[in-house]
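So that you can map any letter, position 119 of the sequence shown is 911 in my numbering, and since no number is skipped, the others follow by simple counting.
Below you'll find the structure, written out as structure tokens, and then a few comments.
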Amino acid sequence: MKVLVTGGSGYIGSHTALLLLEAGHEVVVVDNLSNSSKESINRVAELTGKEPSFHQVDLLDEAALAQVFAEHNIDAVIHFAGLKAVGESSIIPLAYYHNNVAGSISLLRAMEAAGVRTIIFSSSATVYGDGNSIPYVEKMEIGATNPYGRTKEMVEDILNDLGTADSSWRIALLRYFNPVGAHPSGRIGEDPLGIPNNLVPFIAQVAVGRREKLMVFGGDYETPDGTAQRDYIHVMDLAAGHLAALDYVNDKAGVYRWNLGSGVGTSVLEMLHAFERAVGHDLPYEITGRRAGDLPAFWADASSALADLGWSTTKTVDQMCEDHWRWQHNNPNGYQEG
Ligand code: NAD
Ligand code: UD1
């Protein structure tokens, strides 16, 4: 198949592009490089020996998108492009709604015009909000509690409506839990701009000496060690979930939603200690107050993805940390030189 990957030079997109190429698909990447570097695509080409077609295009530029669809005979779209910082989304909500919601509409209009009807969408566990019991199951009522999460919920709604209005659409909504890790080569990985918001990228920067110590947000949760629990998923497992979803929807019209997680909760301190094992020594940390908006614990019920797609996670938390560390150690400044 020829697959258009929006946001394909970003963290999850680049790992998925790599697996698509390895599986024999052709890959066309559209990215405006607002949060990534073209170097990731160069390295995907180096690792696979196959060159994705790269277009520096903003999703909001419908004319440029139409041009990409005109140039390539696209069979399916995997749609990663979007802004993803929860805290920032409360400060500049309009930018988030414009980029993530209007950008998705622009993409869907271009797909409709080009006759492309297959899309895999990056949703998030954040759509479950704070009113659900754990583990989260796909059929639960959703209700995000921040603008970023609401952009995901809105795009899910748009895709549901599209699938209802026109039964030829093949739509997969993938709700990711907490992606971490990197390709085992250490050549591609997550390269956050500025101070990382997420736990593992922050720990990795402490380990490499770019940050003094990890601040653990909350040590008084009702969890076994008092720190919050999340469902971490290796980015290679997550990427494989996209290929499985693509396979599934390719011959089944409709709208499908799957959690992509491991089904296991890991605490902040357990994650820190796994990273310390990968690095080979202790890392400095301090327990501080809870982060506003954080939940004590959540993880996926991942049984639907197993039943429908035959997909489940394969990598342990130790492997996630080892691979993340290899990437960070070999590329202390991410894709930037020096
Ligand atoms: P990322 O920032 O590394 O990748 C997103 C890519 O989209 C970037 O390369 C960016 O330049 C590009 N982009 C953003 N807006 C664009 C636009 N208007 N036009 C073209 N390109 C644009 O993020 P990621 O971690 O790879 O996440 C991929 C997707 O998965 C996002 O939609 C994100 O919301 C979702 N998601 C991520 C996580 C996570 O923790 N990483 C969790 C759940 C869901
Ligand atoms: C965050 C987002 C969520 C998004 C997810 C993607 C918030 C409120 N939520 O979730 O919408 O889907 O990322 O991966 O931002 N922690 C520390 N110190 C740090 C950083 C994090 O203790 O420096 C803790 C957090 O309090 C949390 C855990 O580590 O308990 C994981 O944090 P993070 O990686 O930011 O993920 P989420 O909070 O699950």
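All C-beta atoms in this analysis are idealised placements derived from N, C-alpha and C, irrespective of residue type, glycine included.
None of the values given here were measured: they were computed from a predicted structure.
L985 sits in coil when the DSSP states are folded into three classes, being neither helix nor strand. Residues of the same chain with a CB within less than 6 angstroms of the CB of E982, apart from the 5 flanking positions on each side, are Y803 and P993 in chain order.
Taking the Cβ of D1110 as the reference point, every heavy atom of the ligand UD1 lies at 8 angstroms or farther away. Taking 9 angstroms as the cut-off, the beta carbon of G805 is found no closer than this to the beta carbon of N938. In the structure shown, K944 falls within a helical segment according to DSSP collapsed to helix, strand and coil.
When DSSP reads this structure, T910 sits in a beta bridge with R962.
Per DSSP, the unbroken alpha helix (DSSP H) holding Q1120 starts and ends at V1109 to N1122. Distance check between I1079 and each of T1108, G1010 and V1109 places G1010 closest, using alpha-carbon atoms only. Looking at the backbone, the Cα of E1004 and that of I950 are separated by about 43 angstroms. For T840, the enclosing alpha helix (DSSP H) has its first and last residue at E831 to T840. Per DSSP, reduced to three states, the secondary structure at F1067 is helical. By the CB criterion at 9 angstroms, D850 and V795 fall outside the cutoff. For T937, the distance from the CB to the nearest heavy atom of the ligand NAD is not below 8 angstroms.
The continuous alpha helix (DSSP H) containing L991 extends over residues L991 to A999. Assignment of N938 by DSSP, reduced to helix, strand and coil, places it in the coil class. Take the alpha-carbon of E1129 and the one of P1016: they are about 42 angstroms apart. Looking at the backbone, the Cα of V1027 and that of R979 are separated by about 14 angstroms. DSSP places H807 in the helix class (H, G or I) of the three-state scheme. For D1100, the enclosing alpha helix (DSSP H) begins and ends at S1095 to L1101.
As computed with DSSP, I870 is found in a beta bridge with V797 and I912. Rounded to whole angstroms, the Cβ separation of T798 and A873 is 4 angstroms, and the two are in contact under 8 angstroms.
Approximately 7 angstroms separates the beta-carbon atoms of V820 and V860; this is inside 8 angstroms, confirming the contact. Between H807 and A1031, the C-beta gap is smaller than 9 angstroms, which places the two residues in contact. The ligand NAD has no heavy atom closer than 8 angstroms to the beta-carbon of E814.
The shortest C-alpha to C-alpha distance from V1056 to any of T1106, N824 and I963 is the one to T1106.
By the criterion of at least three beta-carbon pairs nearer than 8 angstroms, the segment 1107–1127 is in contact with the segment 1055–1073. In this structure, DSSP gives H817 a state outside helix and strand, which the three-state scheme calls coil. DSSP places H1034 inside the alpha helix (DSSP H), whose first and last residues are V1027 to N1042.
Distance from H1034 to I912 at the Cβ level is roughly 6 angstroms; contact confirmed, criterion being Cβ atoms closer than 8 angstroms. For Y1013 against M1063, the beta-carbon gap comes to about 14 angstroms, at or over 8 angstroms, which does not count as contact.
Rounded to whole angstroms, the gap between the alpha carbons of G1126 and V972 is 15 angstroms. Using a 10 angstroms sphere on the CB of D823, the tally of other CB atoms reaches 16 or more, which defines it as buried.
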